[in-house]
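Undergrad: Structure provided below as C-alpha cells; questions to follow.
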Amino acid sequence: MGRAPCCDKAKVKKGPWTPEEDAKLKSHIQTHGTGGNWIALPAKIGLKRCGKSCRLRWLNYLRPNLKHGSFTADEDNLICTLYLTIGSRWSVIAAQLPGRTDNDIKNYWNTRLKKKLFPKQRIRSEPTLPPPPQLQESFLCCNNLEVDFQHHNIWENSAAMIDLPSQMGIYSAMSQLHTSSSMANAISLEEMNNYQPWIVLDEPRLLPYSQ
DNA sequence: AATATCACCAACCGCACGATA
DNA sequence: ATATCGTGCGGTTGGTGATAT
1 MGRAPCCDKA KVKKGPWTPE EDAKLKSHIQ THGTGGNWIA LPAKIGLKRC
51 GKSCRLRWLN YLRPNLKHGS FTADEDNLIC TLYLTIGSRW SVIAAQLPGR
101 TDNDIKNYWN TRLKKKLFPK QRIRSEPTLP PPPQLQESFL CCNNLEVDFQ
151 HHNIWENSAA MIDLPSQMGI YSAMSQLHTS SSMANAISLE EMNNYQPWIV
201 LDEPRLLPYS Q
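Shown next as C-alpha cells:
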C-alpha cells in the first residue's frame with residue numbers, strides 16, 4: 001500500500017502558471033510567509049493548485065534574488081567540480097551558487113554541461129601520447145569509464161580515472177578529451193591543475209554514475 | 001513551405017526522510 | 001514503536017520554439 005496522495009489530482013490545476021496565479025502566490029507569501037504548511041496554502045489563497053506545485057513555483061521562479069540569465073564560466077566550472085566531487089546532489093550544488101535553483105542547475109547540467117563533458121562520439125587520444133602502461137588494479141574506472149588500453153581509445157561516458165597509490169587522477173572535460181591511460185602516470189596533480197579545462201579531484205573516490 | 005528533429009526548461013511525480021502525535 | 005503527514009529532493013516528462021531536412 002503506497003502513501004496517500006498529497007492532494008486530489010482530479011481537482012487541482014496542472015501545467016504552466018498564469019501571471020494571476022503567480023501574483024496571488026507571491027503576494028501572499030511576501031505578506032504572510034508560507035505558514036509552514038504548503039499543503040494548506042493553495043486553499044487558503046484560493047488557488048486550485050497542489051501545495052507541492054506552489055512550493056516549486058515559489059522556490060524556482062517567484063522567490064526574490066533569483067538569477068534567470070545564462071550561466072557564467074565560473075559557474076560552469078563550479079558545477080562541474082561539485083558534480084565530480086559529490087555527484088547529482090543538486091540542492092547541495094545550488095547552495096554554492098547564490099541565486100540559482102537546484103532545478104536550474106539540474107536542467108543546465110542535463111542539457112548543456114553533460115554533453116560537453118561526455119561527448120557522444122568516440123574520441124581518439126592524441127597520436128603523440130606516450131604508450132599506455134600496463135593495466136593495473138590500482139586504476140579505478142569510474143562513472144562507466146571505458147578505456148581501451150591497447151588502442152588508446154576512450155569511449156563515451158568516460159569520466160574520471162584515478163591511480164590510488166600515487167594519488168593521481170585525470171578527468172576528461174569540456175568537449176576536449178585529452179586523456180589517455182598513460183597520462184595518469186605522465187603528470188602530477190599539481191601539473192594537471194595548469195591544464196584547463198581539466199578538473200582535478202582532491203582525493204580519489206568512486207564517482208556516482210548518473211545517466 | 002511543410003515536416004521532422006533537436007534543445008531547452010518549467011513542471012510533475014514518486015520516493016525518502018524527519019517531525020510529530 | 002509506529003503510523004501519518006509535510007517537505008525536500010532527484011529523475012523524468014511534456015510543451016514550445018529553434019533549427020535542419
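Once you know that position 19 of the first sequence is 19 in the UniProt record's numbering, the rest is easy, because the numbers rise by one and skip nothing. C-beta: ideal position from N, C-alpha, C; glycine also.
Among L113, G35, S53 and N110, whose alpha-carbon lies nearest the alpha-carbon of T18?
TA: Looking at the Cα atoms, S53 is the closest of the given residues.
Undergrad: Tell me, please, whether the segment 21–41 touches the segment 53–66 by the rule of three or more beta-carbon pairs shorter than 8 Å.
TA: Verdict: yes, contact present.
Undergrad: Is S91 helix, strand or coil by DSSP?
TA: Correct three-state label for S91: helix.
Undergrad: Count the other C-beta atoms from every protein chain shown that fall within 10 angstroms of the C-beta of I39, then say buried if there are 16 or more, exposed otherwise.
TA: Flag for I39 reads exposed.
Undergrad: Which first and last residues belong to the alpha helix (DSSP H) in which residue 213 is found?
TA: Residue 213 is absent from the structure shown; the chain starts at 1 and stops at 211.
Undergrad: Hey, could you find the ends of the alpha helix (DSSP H) Y108 is sitting in?
TA: Per DSSP, Y108 belongs to the alpha helix (DSSP H) from D102 to Y108.
Undergrad: For a quick check, are the C-beta atoms of L66 and G33 less than 8 Å apart?
TA: No, Cβ-Cβ distance for L66 and G33 is not below 8 Å.
Undergrad: Skipping 5 residues on each side, what residues in its chain have a beta carbon closer than 8 Å to that of T111?
TA: None.
Undergrad: DSSP state of G99, grouped into three classes?
TA: Looking at G99 - three-state DSSP - the assignment turns out to be coil, as it is neither helix nor strand.
Undergrad: Determine the direct distance from the alpha carbon of Q30 to that of G15, and round the result to whole angstroms.
TA: Answer to the nearest angstrom: the Cα atoms are 23 Å apart.
Undergrad: Decide if D74 is buried, meaning its Cβ has at least 16 other Cβ atoms within 10 Å, or exposed.
TA: Exposed, by the Cβ-count rule.
Undergrad: Taking only the alpha-carbon atoms, compute the straight-line gap between Y108 and T85 and give it to the nearest angstrom.
TA: Taking the straight line joining both Cα atoms gives about 18 Å.
Undergrad: In whole angstroms, what separates the C-alpha of K114 from that of P42?
TA: Cα-Cα distance, rounded: 36 Å.
Undergrad: For G51, is the classification buried or exposed, using 16 other Cβ atoms within 10 angstroms of its Cβ as the cut-off for buried?
TA: The residue in question, G51, is buried, as its Cβ has 16 or more Cβ neighbours within 10 Å.
Undergrad: Given a cut-off of 8 Å, decide if V92 and R49 are closer than it, judged by their beta-carbon atoms.
TA: No, the pair does not count as a contact, with Cβ atoms beyond the cut-off.
Undergrad: Look up G15 in the DSSP assignment and say whether it is helix, strand or coil.
TA: The answer is coil: DSSP assigns G15 none of H, G, I, E or B.
Undergrad: Kindly indicate the opening and closing residues of the alpha helix (DSSP H) around C7.
TA: Segment: none, C7 is in no alpha helix (DSSP H) and carries neither H nor E.
Undergrad: If you compare alpha carbons, which of Y61, W90 and S27 is closest to I45?
TA: Taking only the C-alpha atoms, the option nearest I45 is S27.
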